[in-house]
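> In the order they appear, the protein sequences are chains A and B. Take the first sequence: its position 313, counted from the start at 1, is 313 in my numbering, and no numbers get skipped. Take the second sequence: its position 5, counted from the start at 1, is 5 in my numbering, and no numbers get skipped. Below you'll find the structure I mean.
2 protein chains.
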Amino acid sequence: MLQTAPEHIQIAKVVHHELEKVERIFCEQLASDLPVVNDLCHHVERYRGKMLRPSMVLLTGLAVSGEPCDGSALLPEHLTVATVVEMIHMATLVHDDVLDEASVRRRGATVNTLRGNETAVMLGDYLISNAFHLCSRAGDPLLNEMLGQVTNTLCEGELVQLSHRDDLSLDQATYIEIVRRKTAALVGVSCRLGARFSGADDALQDAMDRFGSSLGIAFQIQDDLLDLAGDPDVVGKSIGRDLATGKMTLPVILHLASEVGHARGETLRLIEARDADGLRRRLIEDGAVDRARAHAEELVSEAKLELERLPMSSARDLLGTLADAVISREA
Amino acid sequence: MLQTAPEHIQIAKVVHHELEKVERIFCEQLASDLPVVNDLCHHVERYRGKMLRPSMVLLTGLAVSGEPCDGSALLPEHLTVATVVEMIHMATLVHDDVLDEASVRRRGATVNTLRGNETAVMLGDYLISNAFHLCSRAGDPLLNEMLGQVTNTLCEGELVQLSHRDDLSLDQATYIEIVRRKTAALVGVSCRLGARFSGADDALQDAMDRFGSSLGIAFQIQDDLLDLAGDPDVVGKSIGRDLATGKMTLPVILHLASEVGHARGETLRLIEARDADGLRRRLIEDGAVDRARAHAEELVSEAKLELERLPMSSARDLLGTLADAVISREA
């Protein structure tokens with residue numbers, strides 16, 4: 001995801017090294033005495049991709065600590081939280097694939113395709129359960145409470161989104177509120193907790209939460225755009241699932257908000273016919289794709305402003321690079 | 001579930017009163033600012049039935065405290081744990097109904113039938129998440145860890161069971177191990193925690209865990225029997241789901257273990273044809289239903305022996321009555 005500039009190679013190495021520890025904690029936590037459970041968990045480990053959320057925990061932790069930007073500034077709690085947020089994210093991927101009837105993720109078959117919806121539901125539950133179990137072992141009740149609150153919010157976002165399936169009147173404010181809950185809250189708390197365990201005061205924790213939250217919304221808009229117009233070979237997962245499953249995305253919402261009469265009727269016809277190619281062409285021609293992209297760029301700019309509260313450091317710089325990468329990514 | 005003898009009316013009233021508090025905590029925890037989420041949670045509250053697990057928490061708590069058996073012996077932690085275990089149980093019901101493609105529960109339509117599998121998956125996640133969130137608010141990290149461990153075990157049991165779907169060679173030991181994980185562990189920990197918050201030492205906590213665990217296995221065997229030969233109007237949920245979803249139950253396992261040659265072939269034919277009536281008749285004639293029932297009775301006797309470690313009290317007596325009711329119930 002990151003094109004690392006020469007001056008950031010050192011800090012990128014630190015993060016990479018710490019992420020390897022996160023992967024080890026992840027695997028250790030999921031290890032079971034039951035071979036069938038281990039097989040499933042090994043499959044899920046293949047889903048691990050950008051590790052955006054754990055990277056956010058580590059980088060905000062390092063950035064709040066300031067120089068020197070080496071791993072010594074991180075506590076065991078940073079690594080625990082980084083693993084927990086990744087595990088929660090993985091659980092949502094497994095359950096999302098059931099919801100979206102998706103067949104491909106990270107160029108491999110989804111659990112629901114390989115082993116059926118039932119196993120995918122239970123495996124997602126196993127991941128959620130392990131996330132909370134790992135979290136509790138940090139021995140900080142407030143940490144459990146904050147993450148429990150975030151997963152409540154996340155499920156609420158998904159439930160509201162489901163209640164708006166095929167709702168062509170969904171407006172931008174409701175869309176953003178759904179995304180704030182189902183995607184942005186977890187990225188926000190990742191940044192908040194990274195900062196918290198490095199001793200940030202409440203104001204700085206709030207700022208880091210806003211940084212993550214804005215970035216999370218931008219991330220989702222970019223996901224919308226990739227699902228609409230991405231290259232499936234590059235994206236590495238099923239494309240066109242939003243249209244197929246009746247999920248309203250920002251380009252569609254922006255387009256419908258500006259169309260009336262016959263033109264609007266034509267778009268509705270394309271949506272009802274699940275005509276992905278026709279819809280894509282129309283949204284590009286209309287400029288709705290560009291407007292959605294511009295909105296994501298604005299969110300990234302807002303997010304980067306929050307970084308100015310941090311002391312100068314290469315970790316802070318890398319958070320800025322990461323923010324840009326959220327919307328420049330093609331996968 | 002309970003036929004209360006005259007000498008137990010006072011303690012039954014205490015439990016009833018405390019269970020009402022549990023219901024209130026349950027509703028308060030799930031309350032959301034989103035109407036769509038509240039509607040779904042109200043629907044799930046209709047599933048609440050016997051409240052076996054919260055009753056176990058309260059009664060073991062009271063029984064360990066000894067006389068006087070009034071609510072004053074219970075701590076806020078007893079009520080929190082009672083609510084958490086019920087919420088975890090509800091989550092498993094909602095996800096089990098997706099797994100079993102069940103259409104009726106407690107004489108009402110299941111969430112998956114009313115709102116689709118996607119909403120049922122997410123609602124189950126919301127319940128799990130809220131269970132952990134509520135649990136964390138008790139401020140006892142060990143409580144979170146113990147319950148996280150139990151939900152890990154519960155999911156493992158479900159995953160192993162799914163891996164044995166339509167496995168006609170499943171043996172009794174593996175069946176019991178699956179049930180120990182997916183059903184008994186949560187009942188066991190309910191009793192353990194009830195005892196723990198009343199100051200029980202480790203040995204007594206272990207005994208109460210064994211009491212709950214044996215009872216949990218007996219409960220599952222009774223569920224198997226009701227799914228096979230219960231009256232759907234009395235049971236209040238879909239019948240014959242075990243056979244329809246390829247789930248092996250104790251009567252079938254005991255029967256197949258004793259059959260060879262042509263007779264065995266005839267049973268396998270009934271299973272493959274999903275012939276519920278034919279299978280039921282065969283298992284009753286063969287005595288497999290009686291043998292399964294006898295096994296459940298033995299487990300209840302074992303469980304009741306553990307109660308002798310408790311001081312004499314009406315709460316202890318009621319735990320014994322509850323143990324008997326687990327296998328005499330018809331719903």
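Cβ coordinates follow ideal geometry from the N, Cα and C atoms, glycine included. Please read these numbers as outputs of a predicted model, since none were measured by experiment.
I think B/Met208 touches B/Gly230, with their Cβ atoms under 8 Å apart; what is that distance to the nearest whole Å?
About 29 Å; that fails the 8 Å criterion.
> Anything in the stretch 168 to 200 of chain A with a Cβ closer than 8 Å to a Cβ of chain B? List those residues in chain order, please.
none
> On the criterion of 16 or more Cβ atoms from any shown chain inside 10 Å, does A/Leu279 qualify as buried, or is it exposed?
buried
> Start and end of the alpha helix (DSSP H) containing B/Val235?
Pro232 to Val235
> Give me the Cα-Cα distance between B/Val111 and B/Ala120, rounded to the nearest whole angstrom.
5 Å
> Please report the straight-line C-alpha distance between B/His42 and B/Glu23, rounded to a whole angstrom.
12 Å
> Determine, using beta-carbon pairs with one atom in the stretch 59 to 71 of chain B and one in the stretch 177 to 197 of chain B, whether at least three such pairs fall under 8 Å.
yes
> Hey, out of B/Ser190, B/Gly240, B/Ala131 and B/Leu40, whose CA is closest to B/Ser332's CA?
In this structure chain B extends from 1 to 331, so residue 332 of chain B is not present and cannot be described.
> Run through chain B and tell me which residues come within less than 8 Å of A/Asn332, C-beta to C-beta.
Outside the modelled stretch of chain A, which goes from 1 to 331, sits residue 332 of chain A, for which no answer is possible.
> Using the DSSP secondary-structure output, state which residues sit across from B/Gly108 in a beta bridge.
B/Arg105
> Taking DSSP as the reference, what is the three-state secondary structure of B/Leu134?
helix
> Quick test of the definition: if touching needs 3 or more C-beta pairs under 8 Å, does the stretch 199 to 208 of chain B touch the stretch 218 to 227 of chain B?
no
> Under a Cβ-count criterion, where at least 16 other Cβ atoms within 10 Å of its own Cβ denotes burial, should A/Ile178 be classed as buried or exposed?
buried
> Using C-beta distances below 7 Å, list every residue in its chain close to A/Tyr175, excluding the 5 sequence neighbours before and after it, in chain order.
Contacts found: Met248, Leu250 and Ile253.
> Between which two residues does the alpha helix (DSSP H) containing B/Thr249 stretch?
Segment: none, B/Thr249 is in no alpha helix (DSSP H) and carries neither H nor E.
> Please state the DSSP three-state secondary structure of B/Pro54.
helix
> Among the residues of its own chain, which have a CB less than 8 Å from the CB of A/Gln10, if the five just before and after it don't count?
Cys69 and Ser314
> Taking A/Arg210 as the reference, give the member of A/Ala131, A/Met56 and A/Val15 with the closest Cα.
Nearest C-alpha to A/Arg210: A/Met56.
> For A/His164, which of helix, strand or coil comes out of DSSP?
coil
> By a C-beta neighbour count over all protein chains shown, 10 Å radius and 16 as the cutoff for buried, is B/His262 buried or exposed?
exposed
> With respect to the alpha helix (DSSP H) encompassing A/Ala185, which residues constitute its N-terminal and C-terminal limits?
Ala185 to Arg196
> Between the beta-carbon of B/Asp317 and the beta-carbon of B/Glu7, is there less than 9 Å?
yes
> Should B/Ala73 be labelled buried (16 or more other beta-carbon atoms within 10 Å of its own) or exposed?
Buried, since its Cβ has 16 or more Cβ neighbours within 10 Å.
> Checking contacts by CB at 9 Å: is B/Tyr126 closer than that to chain A?
For B/Tyr126, the answer is yes, since a Cβ of chain A falls inside 9 Å of its Cβ.
> Could you spell out where the alpha helix (DSSP H) holding B/Tyr175 opens and where it closes?
Gln172 to Val179
> Give the residues from the stretch 258 to 279 of chain B that approach chain A closer than 7 Å (Cβ to any Cβ), ordered along the chain.
Listed by position along the chain: nothing, the set is empty.
> Applying a beta-carbon distance threshold of less than 8 Å, which residues of chain B neighbour A/Ser129?
Ile128, Gly148, Thr151, Asn152, Leu154 and Cys155
> If you draw a straight line from the alpha carbon of A/Met146 to that of A/Ile271, how long is it in whole angstroms?
If I take the Cα positions, the gap works out to 39 Å.
> For A/Leu127, count neighbouring Cβ atoms within 10 angstroms of its own Cβ and tell me buried if that reaches 16, exposed if not.
buried
> Of all Cβ atoms in chain A, is any one closer than 9 Å to the Cβ of B/Met122?
yes
> Check whether the Cβ of B/Gly240 lies closer than 9 Å to any Cβ atom in chain A.
no
> Mind checking A/Ala31: buried by the 16 CB within 10 Å criterion, or exposed?
exposed
> Here's the rule: buried if 16 or more other CB atoms are within 10 angstroms of the residue's CB, otherwise exposed. What is A/Arg241?
Buried.
> Given a cut-off of 9 Å, decide if B/Leu79 and A/Val160 are closer than it, judged by their beta-carbon atoms.
no
> Could you list the residues in the stretch 55 to 69 of chain A with a C-beta less than 7 Å from some C-beta on chain B, going in chain order?
none
> Express the C-alpha separation of B/Asp166 and A/Cys155 in angstroms, rounding to a whole number.
The straight-line gap from Cα to Cα measures roughly 33 Å.
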